[in-house]
Each structure stands twice: as structure tokens, then as C-alpha cells.
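J.: Take the sequence shown: its letter number 123 is residue 123 in my numbering, and every next letter is one higher. Yeah, the Cβ is synthetic: ideal placement off N, Cα and C, and Gly gets one too. Below: one structure in C-alpha cells.
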Amino acid sequence: MNIYLLTHSRELLRKTNTGKLVKSVLGKQCSIFEWQRKLPNPELLQHIANESVALLYPHEDSSPLGEQEASFDAYILIDATWQEAQKMVNHSPYLHDLPKVSLTPNTPSIYKLRRNQKETGLCTAECAIELLKLHQQTTKAKRIDDNLREFIQQNSY
């Protein structure tokens with residue numbers, strides 16, 4: 001199972017970005033693609049064409065992802081603020097026809113480093129943790145979780 005982070009250009013510069021934690025643990029199992037409004041990344045398009053890829057995005061059309069449905073080869077996670085993520089999805093036609101899945105975590109997000117968070121939303125690292133757990137990759141999930149907790153502690157004011 002691979003994770004593709006479709007990352008807003010501003011997110012790459014943010015101190016509070018958690019996508020880098022995912023990449024640091026997963027290595028080649030995670031790819032970061034900078035989102036361009038007018039020019040989709042050709043490598044990401046190739047993955048979409050050649051693999052069973054789902055868009056992890058909480059939306060009215062999303063299906064809750066459970067262990068029995070965790071059969072995709074890869075997941076695209078939008079790595080951005082909630083407002084940016086919505087615009088990115090709306091302006092990316094290549095994402096519109098992908099299966100959309102959502103998570104139903106048992107615990108609320110521990111990520112409180114940004115304002116205007118969705119109450120039921122998870123940060124990028126928390127999404128990756130949940131996906132890894134669903135795919136029985138608990139050691140990697142724990143490593144990201146440990147790194148996220150340390151990251152939050154270091155960046156809390």
C-alpha cells in the first residue's frame with residue numbers, strides 16, 4: 001500500500017506540516033506531489049491510471065473505509081489546510097472520478113496546531129496512521145504516531 005500526498009505549495013513551507021512525518025517513516029512507500037492547478041503531475045496521473053487508487057477525502061460521496069474495504073493499492077491524501085484542500089479537489093478533474101473514501105477514527109484528533117480545524121477531521125499524519133493500521137502495518141503506524149506526538153509537543157505554544 002502506497003500513500004501519495006498531493007500537497008499544496010504553501011503547505012510545503014508550513015512549520016506545522018505533518019506530511020513530512022509520513023514521508024520520513026514510509027520512505028518510498030510515500031510520494032509527495034506538489035499540487036499545480038493547471039498542470040497535474042504526470043507521475044501521479046500514471047499511478048492513477050495503473051493502480052487501484054482511492055482519494056481519502058471526507059465528503060458526502062465518500063464511503064467509510066473499514067478493514068474489509070482496505071484493498072486499494074494506494075491512497076491520495078490532500079496535504080493542505082481544509083480550505084485549500086476543498087479548492088484543490090474542486091479544481092482537479094483527475095480526482096473527481098476516483099473512489100472517495102473516508103475514515104471513522106475511534107478517537108478525536110490530537111493535532112491542535114492550527115485554527116479552523118474540522119471537529120471530526122484528522123491531520124495528514126493521523127490519516128496515514130489510520131490507513132496503515134487498516135493495512136496491518138502497525139509498526140509504521142506507531143512510528144508515525146510517536147513522531148507526531150513529539151512534533152506536536154515541540155511546536156505547541
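Return the bridge partner residues of V101 from the DSSP annotation.
T.: Bridge partners of V101: L56, S63.
J.: From the DSSP output, in three-state form, read off D73 for me.
T.: Three-state DSSP puts D73 in coil, outside helix and strand.
J.: Go to N2, then tell me how far its beta strand (DSSP E) extends in each direction, as first and last residue.
T.: Taken as a continuous stretch (DSSP letters only), the beta strand (DSSP E) holding N2 covers 2-7.
J.: According to DSSP, is I144 part of a helix, a strand, or is it coil?
T.: Of the three classes helix, strand and coil, the one that applies to I144 here is helix, per DSSP.
J.: If you follow the beta strand (DSSP E) that S31 is in, where does it begin and where does it stop?
T.: From DSSP, the beta strand (DSSP E) with S31 extends over 30-34.
J.: Mapping DSSP to helix, strand and coil, what is I78?
T.: In the structure shown, I78 sits in a strand (DSSP, three-state: E or B).
J.: Please list the terminal residues of the continuous alpha helix (DSSP H) segment that includes E43.
T.: E43 -> alpha helix (DSSP H) spans 42-50.
J.: List the endpoints of the continuous alpha helix (DSSP H) containing L134.
T.: 124-134 is the extent of the alpha helix (DSSP H) around L134.
J.: Per the contact definition of three or more C-beta pairs closer than 8 Å, is the segment 58-66 in contact with the segment 10-25?
T.: Result no; under three Cβ-Cβ pairs closer than 8 Å.
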